[in-house]
Amino acid sequence: MFPMRIAKRQEPLGFGGSCFVLLTALGLSLLLSAILLSLGGTSPVRGISVLLQGAFGSRWALEDSVLKAIPIFLCSLGVAVAFRLKIWNIGAEGQFALGAIGATWIALSFPGWPKYLLLPAMIGMAMTCGGLWGLIPALLRQHLKTNEIIVTLMMNYIAILFLDYLVYGVWKDPTSFGFPMTPMFSEQAIVGKIGGTSINWGLAHCVILGLLIWLFFRFTRIGFEIKASGDNVRAALYAGLPYDRLVILVMVMSGALAGWAGFLEASATVNRLQPSIMVGYGYTAIVVAWLARLHPLSIGIAAILLAGLRVGVESLQLDLQVPAAFGGIIEGLILLTVLAGGLFTHYRIAWGVGK
Amino acid sequence: MTSQIIIALLAAAVQSGTPILFATLGEIFTEKSGVLNLGVEGVMILGALAGFVVARQTGNPVLGFFAAGLIGGLAAAIHGVVCLWFQGNQVVSGLALTILGTGLANYLGTAFIGMAAPGFAPVAVPLLSDIPGIGPIFFQHDVLVYVSYLIPPAMWLFFARTRFGLGLRAAGEYPAAATAAGLNVLAYRWLGIVGGGFFMGLGGAYLSLAYTHLWTTNLTGGRGWIAVALVIFAFWRPGRAVFGAYLFGGIMALQLRMQASGTQLSSSILLMLPYALTVIVLVLSSWRKRTSDAPASLGINIAPAE
């Protein structure tokens, strides 16, 4: 019918070609978003320029983008660990909430501890709580074959409501004039800013953790087993790899990393626990992980890009009164186009009717 | 007195279960063709908005209802393009569709927040509504609830007794054999996706046109995800989906009533109930039946022909 068909490539698409496909996908998403802007009565050219200016156009904007990239990066790193094994952890959002809750618990219980004791304790509790929130769906999957996608997603809703319960109830600051938030953390419970900037030291945590995860997959036996089992479960089982234990491990690691992000958001960004920290970083993390093909360094780049889009959408909202939901549209479009572009890794469009 | 309260609660369970029922039936229809669509939440909320806007502009809720189905089918077609044409991963594509659909509906719907639209009012079915107990629970609702009663048997008939239904199931069970038998598997999967999206859109419209009559952001509130879970609970059978949907409708109605009655329990804890119940229901359904009733090729793309 059409003089166009899909043909298999001899070799998978190389690095340059992959970058081209990725950039085309990103460009297409921005184009479609611009069309939607004009449907909403905003000039598309002005809209996109405000978006990009707002994201990366000034020092302040850039710092804000990096600041938002920190929790997105850590959640995405966690999500990517699970995705490597083809375990669909959609629960970063909830694991992030539990991490923030765990860290807050320690910060409010032992405000007088010295910093070198208090911060590690908060991190430990954040990782434990986040990891536990990842362990539950893993155990259910293993013993009862429940679907981890739905369980992790439902646990997101439960975690956010639990956070609400705490800050509207038992942890509410009596001096907050009814606003749902805990009292401010003590000085020792706060991760400080890097000298002269608005960026906090969480950035350093990201670099170290990103490096550790990269080393883990590159050089350790367990890292290799996760990659091998993710590529082919059946072969891994025949080879005697401990698949069930790997599932537990990746879910706990995944949850612990998202929990760490929750700790940073509570400690460094808002200095307390409040519902406004739940803005969907856990879902953006999934877009980032997929965009970066699960590679730690690429996750860093993609996290800054997507965080930038969030900051840019805030300017759109302020300058041109575009609803905040616009950010979700761009994220959804990016994920869909990148996913579709994946076809060209192994296939190409061939012209002519063929054999 | 207590029996009256129970009957009112059960009637409310049917009403709040109806949008979930539409969505669950839609997802069953799609999954039977071998395609997993996790975008139910996004498709549903787009349907809700389309139904609301069309009903408001034309003054005709019936038109709105069908527009919602149409937009639902169209939105689901995005999943078809990504997975059927471009071989995209079905799990991730569905998630993306949820992110996109929710964003799009909240973006386009901003102008309508807090506005009302002409919706469906309850109409008692003559004779049937007079049966004590059964009548008030099942037959004193709006027309859409009665429409939802007809779909499970119709869908069962379609799957069990029609050529198209068998073809759709073959595409989901064993696409290679179906292709060898001369069926166009891709076309059947398109039918599964778009047809399923139609019902998901109707579910959304029920929320905006019969349940609330209002537009608010995040109107669906996770009901699409509950529907995905209910497909497993229902073992992919339209009839069993009815029980699941009303169970969730019941818990939602109960939670609303408990909040209204000023219980000691925090509203955050009450709001957790449906989500916690979803996990419990999933655990129970895998407990009771170890072997899966899922279509054998669910979630697996068909490689393009060379």
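Chains as they are written, first to last, in this note's numbering: chain A, 815 to 1169; chain B, 86 to 391. All C-beta atoms, glycine included, are put in the ideal place defined by N, C-alpha and C. Here the structure is a predicted model, which means the values were calculated and not measured.
Q: Could I get the ranges of all uninterrupted alpha helix (DSSP H) runs contained in the region 991–1019 of chain A, with 4 residues as the minimum, in chain order?
A: Segments of the alpha helix (DSSP H) lying fully in the region 991–1019 of chain A: there are none.
Q. Hey, is Met-995(A)'s beta-carbon within less than 8 Å of any beta-carbon in chain B?
A. Taking the first sequence and counting its residues from 1, one reaches residue 995(A) at position 181. Answer no: the Cβ-Cβ gap between Met-995(A) and chain B never drops below 8 Å.
Q: Examine the Cβ distances between the region 182–202 of chain B and the region 1133–1141 of chain A and report whether three or more of them are shorter than 8 Å.
A: They touch, by the three-pair rule.
Q. Three or more C-beta pairs closer than 8 Å, one from the region 335–345 of chain B and one from the region 86–101 of chain B: is that the case here?
A. The count of Cβ pairs closer than 8 Å, one atom from the region 335–345 of chain B and one from the region 86–101 of chain B, reaches three, so the stretches are in contact.
Q) Does the Cβ-Cβ distance between Gly-119(B) and Thr-187(B) come in under 8 Å? A) As a working mapping, residue 119(B) is identified with position 34 in the second sequence. As a working mapping, residue 187(B) is identified with position 102 in the second sequence. The answer is no: Cβ separation not under 8 Å.
Q) Under the three-state reduction of DSSP, which class applies to Leu-827(A): helix, strand or coil? A) For the purposes of this step, residue 827(A) is identified with residue 13 of the first sequence, where counting begins at 1. Three-state DSSP puts Leu-827(A) in coil, outside helix and strand.
Q. At which residue ranges does the region 148–205 of chain B contain complete alpha helix (DSSP H) runs of 4 or more residues, listed in the order of the chain?
A. Fully contained in the region 148–205 of chain B are the following alpha helix (DSSP H) runs of length 4 or more, in chain order: 175–194.
**Q.** Simplified DSSP state of Ala-1103(A), which is helix, strand or coil
**A.** Taking the first sequence and counting its residues from 1, one reaches residue 1103(A) at position 289. In the structure shown, Ala-1103(A) adopts helical secondary structure according to DSSP, grouped into three states.
Q. Touching or not, the region 1045–1052 of chain A and the region 923–940 of chain A, by the rule of three or more beta carbon pairs under 8 Å?
A. Result no; under three Cβ-Cβ pairs closer than 8 Å.
Q) Listing by chain order, which chain A residues have their CB less than 8 Å from the CB of Gly-173(B)? A) The count along the second sequence starts at 1 and reaches residue 173(B) at position 88. Scanning chain A for C-beta atoms nearer than 8 Å to the C-beta of Gly-173(B) yields Leu-1150, Leu-1153, Ala-1154, Gly-1156 and Leu-1157, reported in chain order.
Q) Below 8 Å between beta carbons: does that hold for Leu-315(B) and Thr-183(B)? A) Within the second sequence, the letter at position 230 stands for residue 315(B). Within the second sequence, the letter at position 98 stands for residue 183(B). The Cβ-Cβ distance between Leu-315(B) and Thr-183(B) does not fall below 8 Å.
Q: Measure how close the beta-carbons of Gly-969(A) and Phe-1077(A) come, nearest whole angstrom, since I'm counting them as under 8 Å.
A: Residue 969(A) sits at position 155 when you count from the first residue of the first sequence. Residue 1077(A) sits at position 263 when you count from the first residue of the first sequence. A small fix is needed here, since residue 969(A) is Met in this sequence, not Gly. That belief does not hold up - the Cβ atoms of Met-969(A) and Phe-1077(A) are roughly 18 Å apart, past 8 Å.
Q) Among Arg-860(A), Gly-916(A), Leu-1060(A) and Gly-830(A), which has the Cα closest to the Cα of Ser-1129(A)? A) Taking the first sequence and counting its residues from 1, the one referred to as residue 1129(A) is at position 315. That would be Arg-860(A), whose Cα lies nearest to the Cα of Ser-1129(A).
Q.
Suppose you measure from the CA of Ser-214(B) to the CA of Phe-224(B); what does that come to, to the nearest Å?
A. Looking up residue 214(B) in the second sequence gives position 129. Looking up residue 224(B) in the second sequence gives position 139. Each residue's Cα considered, the two are about 5 Å apart.
Q) If we ignore side chains and look at the alpha-carbon of each, how far apart do Gln-142(B) and Leu-189(B) end up? A) Along the second sequence, one-based indexing puts residue 142(B) at 57. Along the second sequence, one-based indexing puts residue 189(B) at 104. Approximately 19 Å, taken between the alpha carbons.
Q: Report all residues from its chain with a CB closer than 8 Å to the CB of Leu-271(B); omit the five preceding and five following residues, and keep chain order.
A: By 1-based counting over the second sequence, the position of residue 271(B) is 186. Setting aside the 5 residues that flank it on each side, Leu-271(B) is surrounded in the same chain by Leu-169 and Ile-387, each with a C-beta closer than 8 Å to its C-beta; the list follows chain order.
Q. Around the Cβ of Leu-362(B), are there at least 16 other Cβ atoms within 10 angstroms (buried) or fewer (exposed)?
A. As a position in the second sequence, residue 362(B) is number 277, starting the count at 1. Around the beta carbon of Leu-362(B), a 10 Å sphere encloses 16 or more other beta carbons of the protein chains shown; the residue is thus reported as buried.
Q. Does any C-beta atom of chain A lie closer than 8 Å to the C-beta of Ala-361(B)?
A. Stepping through the second sequence from its first residue, residue 361(B) is reached at position 276. Yes, Ala-361(B) counts as interfacial toward chain A.
Q: State buried or exposed for Ser-382(B), treating a residue as buried only when at least 16 other CB atoms are found within 10 Å of its CB.
A: Locating residue 382(B) in the second sequence gives position 297, counting from the first residue. Ser-382(B) is buried by the Cβ-count criterion.
Q: Would you mind telling me which residues of chain A sit closer than 8 Å to Gly-165(B), beta carbon to beta carbon, in chain order?
A: Residue mapping note: residue 165(B) aligns to position 80 of the second sequence, counting from 1. Scanning chain A for C-beta atoms nearer than 8 Å to the C-beta of Gly-165(B) yields nothing, as the closest lies near 11 Å away.
**Q.** Below-8 Å beta-carbon distance, Lys-117(B) vs any chain A residue
**A.** Position 32 of the second sequence, counting from 1, holds the residue named residue 117(B). No, its Cβ sits nowhere closer than 8 Å to a Cβ of chain A.
Q.
Distance cutoff 8 Å, beta carbons only. Does Tyr-1095(A) sit that close to anything in chain B?
A. Against the first sequence, residue 1095(A) aligns to sequence position 281. By this cut-off, Tyr-1095(A) is not an interface position.
Q. Among the residues of its own chain, which have a CB less than 6 Å from the CB of Leu-95(B), if the five just before and after it don't count?
A. What you label residue 95(B) is simply residue 10 of the second sequence in a count that begins at 1. Correct list, in chain order: Ile-222.
Q) At a CB-CB cut-off below 7 Å, which residues of chain B make contact with Asn-1046(A)? A) To locate residue 1046(A), count along the first sequence from 1; it is residue 232. Neighbours of Asn-1046(A) on chain B: none; closest Cβ ~14 Å, over 7 Å.
**Q.** Residue-chain proximity (Asp-1058(A), chain B), Cβ-Cβ < 8 Å
**A.** Your numbering for residue 1058(A) matches position 244 in the first sequence. Not one chain B Cβ lies under 8 Å of Asp-1058(A).
Q.
With the cut-off set at 8 Å, would you say Gly-983(A) and Gly-1069(A) are in Cβ contact?
A. As a position in the first sequence, residue 983(A) is number 169, starting the count at 1. As a position in the first sequence, residue 1069(A) is number 255, starting the count at 1. No, the pair does not count as a contact, with Cβ atoms beyond the cut-off.
Q: Say whether chain B places a C-beta atom closer than 8 Å to the C-beta of Val-965(A).
A: Translated into the one-based positions of the first sequence, residue 965(A) becomes position 151. Under the 8 Å criterion on CB atoms, Val-965(A) is classed as interfacial with respect to chain B.
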